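**Q** Using the working numbering, you'd call the opening residue of the sequence shown number 1224 and step up by one each time. Here a beta-carbon is modelled for each residue, glycine too, at the ideal position from N, C-alpha and C. Since we're looking at a predicted model, the values are computed, not measured. Quick one: this structure, given as structure tokens, is what I'll be asking you about.
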Amino acid sequence: MKKLLPLLIFIFLLNFCKEPEKKLSTDFREPENPEKPDSTLWDHVKKGLHAGFGSVDTRYKRDLPPGIQTTDSWDGTSWRGEKIHTQFLLWSAENIPDVRWRTGEIRNNQGELLDSNNFEIRAVRYILTDEFAGGCGFRSADTLQSHLAGDMLERITKINIPAHTTRPMWLTVSIPENQAPGVYTGNLKILQPGDSSKFLKISINVQDRRLPPPSDWTFHLDLWQNPFAVARFHKIPVWSQDHWDLLKPLLTMLADAGQKCITTSIIPFPWGKQTYDPFESMIGWIHNSSGKWDYDYSVFDQYVQFAMDCGITEQINCYSMVPWGNKLKYFDEDSSGFVTREVLPGSEEFEELWKPFLYDFRAHLKEMGWLDKTTLAMDERNMKEMKATITLLEKVVPEFRITMAGHYFKDINPALYDFSYNWRLITEKSKTVAEKRRKNNQITTYYVACGIPKPNNFTFSPPAESAYEGWFAAAMGFDGFLRWAYNSWVEDPLTDSRFRTWPAGDTYFVYPGARSSIRFERLREGIQDYEKIKILKSEFGNQGIPGNPEKLKELEDFLERIQPESLEESPAKVWVNEGKDLINRLSLK
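Here it is, written out as structure tokens:
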């Protein structure tokens, strides 16, 4: 009962992925502040609208003035093809409606223009967050300290500034690949009704270096997508046209960060029902009345092709032959209902269930031209289960590659094509493991999760920790980074990032409506730094050019200082900013 996706749908999907449209709203529903800010601090703020540049390393308080943490100018440095960003702040002790902004002409000394279309300004929106509080495990919103965190980025063209509030604004500059090198200067103009404009100075040093487009980045980014959360939140049928329309900008944004992997579910509930929106299966399992198996691949095919059309093309990860709880749910024609069975790896029943599927799935993937991109993926499974599963795969379908995140098991690690270390288990020896695996054309990444206080991507985490994750990958010789949830949204992610079992923000990077976040932008920034490091190391490896050996040693010496315990020595922002200064200096020609 295979249902191959019709050719017309494939053709339709080829032009399906476009950038999301900008919103024009000035107001947004933000939660009340659970803390009681000291409103008397506003007594010292002069009347009118105030504006100034801040730091991307700071999560500013919405209900307090920023104090002396601002400046009227910003100096940025970028390669061609890179995105850089900063925050500027708007604050007032009184209501200021309809504040707008625009960039004037940004030119270099030769008069060449950095077009204003390359500047994007988004409002930083506030959501409820909590605290680490031991990490994994059940938590109550009533007992944990909660507060507001600026994280969500909202596309708007104007905003209201209520009295006694500070509004961070996120400024992103995308430097075109063909932009002429040089120092570009100009102004950011802040406009308000019935008052004079305010000007903030911008200076961007575009270096004579080029960063490839995200599709060519080597960093192996694996953020797990949850399409079922999108359907639930927007109250639309799963796999309906509305569903695809909403998935489009989310996957396009992910591809623009260099995402390599498509997350697919080949059985229902591969992680149990731990997320607010459990993963249903993208493949239908039908045990027919003749005792044979039929498999419906129609949704799987559509989702994979759709993700590829959105720019995620390198790897298809299929979860999971070893699900949490080892349970498999399928439709039984004889009983005309669904059956759930617990099947343990290594048992005869496990082999009887999975062998027909593996043969059929292999044939289907060959037909689709995807077999060489597909991996059978497992998450945090124990040694016994993994060994039994690998033994079956090597006997039945040796063509399949295997992905695993979790513990490093020496005996089975060589069989894993794509392996991701749990942060807590990384040691100095992990560098040697990654180097050996790379020589065997195998991928090695790492991941952070609910039980890791830092670095992490919680909505209360210091923003620089997301950028630091790219630097840590470079320092340890890893190929990239994995995070278990790109968009496994909580009940109301637009206002409250807290969840019943993990620290706030653990379940998602981005927000409904394809709204990015400070965490996601900083993660992408760290990936860009990883690519720049790799390019410079390759160039400086040419020992015949004067100065290269010294430059390579300086870069490698800095990376050598970054270790699993480095954040105990200094916060992430110190490492990231020192590293960026080094890259900027070494990039000079």
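Residue range of the beta strand (DSSP E) that Gln1786 falls in?
**A** Element bounds for Gln1786: n/a, residue is neither H nor E.
**Q** Pull the bridge partners of Asn1645 from the DSSP assignment, please.
**A** Answer by DSSP bridge pairing, in chain order: Tyr1670.
**Q** What does a CB cutoff of less than 6 Å around Asp1321 pick up in its chain, not counting 5 residues either side in sequence?
**A** Cβ within range, chain order: Lys1381 and Pro1416.
**Q** What are the boundary residues of the alpha helix (DSSP H) that Asp1583 is part of?
**A** It spans Glu1571 to Met1591 - the alpha helix (DSSP H) in which Asp1583 sits, taken as one unbroken run.
**Q** Looking only at DSSP bridge pairs, what is Tyr1734 linked to?
**A** DSSP lists Arg1738 as partners of Tyr1734.
**Q** Determine the direct distance from the alpha carbon of Leu1599 to that of Lys1471, and round the result to whole angstroms.
**A** If you take the alpha carbons of Lys1471 and Leu1599, they lie about 25 Å apart.
**Q** Let's see if you can read the secondary structure: which residues bound the beta strand (DSSP E) around Ala1346?
**A** Its beta strand (DSSP E) spans residues Phe1342 to Thr1352.
**Q** Kindly list the residues whose CB is nearer than 6 Å to the CB of Ile1806, restricted to its own chain and excluding five residues on each side of it in sequence; keep chain order.
**A** Correct list, in chain order: Lys1755.
**Q** Hey, how far is the Cα of Trp1447 from the Cα of Cys1533?
**A** In a straight line, the C-alpha of Trp1447 is about 15 Å away from that of Cys1533.
**Q** Ignoring anything shorter than 3 residues or poking outside the region 1597 to 1661, list the beta strand (DSSP E) runs there in chain order.
**A** With a minimum length of 3 residues, the continuous beta strand (DSSP E) runs that stay inside the region 1597 to 1661 are 1597 to 1602, 1624 to 1629 and 1641 to 1645.
**Q** Per DSSP, Gly1373 is paired with what?
**A** Gly1373 pairs with Tyr1349.
**Q** Tell me, to the nearest whole angstrom, how far the beta carbon of Gly1405 is from that of Asn1332; I am working on the premise that it is less than 8 Å.
**A** Confirmed, Cβ separation roughly 6 Å.
**Q** Using a Cβ-Cβ cut-off of 7 Å (strictly less than) and excluding sequence neighbours within five positions of His1387, which residues of its own chain qualify?
**A** Excluding sequence neighbours, His1387 sits near Ser1262, Trp1265, Asp1286 and Ala1316.
**Q** From Cys1673, Thr1395, Ala1672 and Tyr1640, pick the residue whose C-alpha is nearest to that of Ala1657; which is it?
**A** Nearest of Cys1673, Thr1395, Ala1672 and Tyr1640 to Ala1657, Cα basis: Tyr1640.
**Q** Using 8 Å as the threshold, is the C-beta distance between Gln1402 and Cys1484 below it?
**A** It is not a contact, given that the beta carbons lie outside the stated cut-off.
**Q** Can you grab the Cα-Cα spacing for the pair Ser1397 / Leu1337, in whole Å?
**A** Going by the C-alpha atoms only, they are around 10 Å apart.
**Q** Write down the C-beta distance between Ile1535 and Tyr1518 rounded to the nearest angstrom, noting that I regard them as a contact closer than 8 Å.
**A** Not a contact, Cβ separation roughly 23 Å.
**Q** Where does Ser1296 sit, in a helix, a strand or coil, going by DSSP?
**A** Ser1296 falls in the strand class under three-state DSSP.
**Q** Whole angstroms are fine: how far does the CA of Tyr1631 sit from the CA of Leu1648?
**A** When rounded, the distance between both Cα atoms is 8 Å.
**Q** If you reduce the DSSP assignment to three classes, tell me which class Gln1766 lands in.
**A** Three-state result, Gln1766: coil.
**Q** I'd like the span of the beta strand (DSSP E) that includes Gly1495, first residue to last.
**A** Where Gly1495 is concerned, the enclosing beta strand (DSSP E) stretches over Pro1493 to Lys1496.
**Q** In the structure shown, what three-state DSSP assignment does Ala1386 receive?
**A** If DSSP states are grouped into helix, strand and coil, Ala1386 belongs with coil.
**Q** Taking contact to mean at least 3 C-beta pairs separated by less than 8 Å, is the region 1551 to 1569 in contact with the region 1608 to 1620?
**A** Because the criterion of three Cβ pairs below 8 Å is met, the region 1551 to 1569 and the region 1608 to 1620 touch.
**Q** How about Ile1413 and Trp1547: do their beta carbons lie closer than 8 Å?
**A** Taking 8 Å as the Cβ cut-off, Ile1413 and Trp1547 do not qualify as a contacting pair.
**Q** Give the straight-line distance between the Cα atoms of Phe1502 and Phe1492, rounded to the nearest whole angstrom.
**A** So the two alpha carbons sit approximately 5 Å from each other.
**Q** Is any beta-carbon of chain C found at less than 8 Å from that of Asp1286?
**A** The structure shown contains no chain C; it holds only a single protein chain.
**Q** Do you know offhand how far Gly1327's Cα is from Ala1452's?
**A** Roughly 40 Å between the two C-alpha positions.
**Q** Per DSSP, what are the beta-bridge partners of Gly1275 in this structure?
**A** Bridge partners of Gly1275: Leu1312.
**Q** Thinking C-beta only, is Trp1798 closer than 8 Å to Trp1712?
**A** The answer is no: Cβ separation not under 8 Å.
**Q** Near Arg1390, which residues of its chain fall below 8 Å by C-beta distance, leaving aside the five closest residues on each side in sequence?
**A** So the list reads Arg1285, Leu1312, Leu1313, Trp1314, Ala1346, Val1347, Ile1382 and Ile1384, once near-sequence residues are dropped.
**Q** Closest to Ile1816 by CA distance: which of Leu1616, Glu1622 and Val1620 is it?
**A** In the structure displayed, the chain extends from 1224 to 1812; residue 1816 sits before or after that span and is not available.
**Q** Measure the C-alpha to C-alpha separation of Thr1475 and Ile1741 and round it to an integer number of angstroms.
**A** Near 18 Å, if we compare the C-alpha coordinates of Ile1741 and Thr1475.
**Q** Please state the DSSP three-state secondary structure of Ile1329.
**A** Strand.
**Q** Anyone know if the C-beta pair for Glu1622 and Leu1576 falls short of 8 Å?
**A** No, these two residues do not count as a Cβ contact at 8 Å.
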